[in-house]
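A.B. asks: Could you have a look at this structure, given as structure tokens, before my questions?
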Amino acid sequence: MGSRAWLAETTGAFDLPAQRRIWALAHALSSCEDVEALIPGVTNLLVLFRATPADPAAVERRLHLLWQRAQAVEAKGKQIEIPVCYGGEHAGDLDAVCRHTGLSAREVIRRHYQSHYTVFAIGSAPGFGYLHGLDPRLATPRKKVPSLNMLKGTVTIGGPQAGVSVLTGPNGWNAIGYAEIAVFDPWAESPALMAPGDTVRFVPERIEL
Numbered sequence: 001m002g003s004r005a006w007l008a009e010t011t012g013a014f015d016l017p018a019q020r021r022i023w024a025l026a027h028a029l030s031s032c033e034d035v036e037a038l039i040p041g042v043t044n045l046l047v048l049f050r051a052t053p054a055d056p057a058a059v060e061r062r063l064h065l066l067w068q069r070a071q072a073v074e075a076k077g078k079q080i081e082i083p084v085c086y087g088g089e090h091a092g093d094l095d096a097v098c099r100h101t102g103l104s105a106r107e108v109i110r111r112h113y114q115s116h117y118t119v120f121a122i123g124s125a126p127g128f129g130y131l132h133g134l135d136p137r138l139a140t141p142r143k144k145v146p147s148l149n150m151l152k153g154t155v156t157i158g159g160p161q162a163g164v165s166v167l168t169g170p171n172g173w174n175a176i177g178y179a180e181i182a183v184f185d186p187w188a189e190s191p192a193l194m195a196p197g198d199t200v201r202f203v204p205e206r207i208e209l
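The sequence shown begins at 1 in UniProt numbering and counts up by one.
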């Protein structure tokens with residue numbers, strides 16, 4: 001990431017309180033003149049300085065101090081509803097999720113759309129949101145062999161997270177449905193549909209089993 005970049009990672013669990021402290025740390029650093037950019041990740045924060053710090057130890061002490069002072073903040077994001085066709089031709093991994101979890105397809109789908117999600121971070125692809133809030137019973141490891149041509153708009157499960165694919169192409173997450181929605185539009189005033197702190201609800205538009 002270069003000599004100007006520092007990655008601050010939490011030692012806590014993958015949960016909302018830890019992520020809210022990451023947002024608080026980003027807020028504290030946002031007014032620092034020597035900071036060029038801040039990129040929140042999933043329970044981490046990439047801090048890009050305008051120049052390579054002359055005293056790395058001082059930077060480390062500063063980040064630790066700000067982290068200790070950081071109080072979890074609740075980002076005031078928008079609520080996004082995403083209509084989903086569950087099952088069908090674009091849910092090629094639904095059977096694998098059922099086998100891993102021991103749940104029926106209908107129960108997997110029910111638990112998925114009844115969960116309430118928070119966008120933790122944007123990354124991996126333009127506009128892709130890492131969604132926290134997946135029912136723990138649905139957590140399914142990413143595939144060892146990725147799908148080579150997963151369609152954009154595919155609704156997926158990757159470990160303890162949910163997502164909606166942004167681009168058509170290789171993808172290691174588990175496909176359980178499809179949403180006819182533009183997650184990223186480079187020509188829009190706000191290209192990314194999601195932002196950290198937004199909440200997401202999946203709405204079952206159709207279920208094909």
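All C-beta atoms, glycine included, are put in the ideal place defined by N, C-alpha and C.
Predicted model, so just to flag it, every value in this text is computed and none were measured.
(1) Our contact map puts residue 117 next to residue 131 with C-beta atoms below 8 Å; I'd like the distance itself, whole angstroms only.
(2) With distances taken from CA atoms, which of 173, 164 and 53 is nearest residue 183?
(3) If we ignore side chains and look at the alpha-carbon of each, how far apart do residue 208 and residue 40 end up?
(4) Would a C-beta distance cut-off of 8 Å place residue 142 and residue 103 closer than the cut-off?
(5) Which stretch, first to last residue, makes up the beta strand (DSSP E) that contains residue 10?
(6) If you drop the 5 nearest sequence neighbours on each side, which residues of the same chain put their C-beta closer than 7 Å to that of residue 115?
(7) Quick check: the Cα distance between residue 197 and residue 153, rounded to an integer number of angstroms?
(8) Are there three or more Cβ pairs, one per stretch, closer than 8 Å when the stretch 77-90 is compared with the stretch 198-207?
(9) If contact is defined by three or more beta carbon pairs under 8 Å, each pair taking one atom from either stretch, is the stretch 35-51 in contact with the stretch 5-18?
(10) Nearest to residue 148 by CA position, among 174, 190 and 58, is which residue?
(11) Kindly provide the ranges of any beta strand (DSSP E) runs that are 3 or more residues long and lie completely inside the stretch 4-52, ordered along the chain.
(12) For residue 145, write down the residues that DSSP places opposite it in a beta bridge.
(13) Residue 133 by DSSP, collapsed to three states: which one?
(14) So, using beta-carbon positions, are residue 151 and residue 168 closer together than 8 Å?
(15) Ordered along the chain, which non-local residues of its own chain (more than five positions away) have a Cβ less than 8 Å from that of residue 28?
(16) Taking 8 Å as the threshold (C-beta atoms), are residue 108 and residue 119 in contact?
(17) Please report the Cβ distance between residue 50 and residue 34, rounded to the nearest whole angstrom; I am assuming they are in contact, meaning their Cβ atoms lie under 8 Å.
C.D. replies: A quick look at the data gives this:
(1) 4 Å
(2) The residue with the shortest Cα to Cα distance from residue 183 is 164.
(3) 37 Å
(4) no
(5) For residue 10, no beta strand (DSSP E) encloses it, and the DSSP letter there is neither H nor E.
(6) 133, 134 and 135
(7) 21 Å
(8) yes
(9) yes
(10) 174
(11) 5-9, 35-41 and 44-49
(12) Partner(s): none; residue 145 has no beta bridge.
(13) Three-state result, residue 133: coil.
(14) yes
(15) 66, 69 and 70
(16) Taking 8 Å as the Cβ cut-off, residue 119 and residue 108 do not qualify as a contacting pair.
(17) 6 Å between Cβ atoms; contact.
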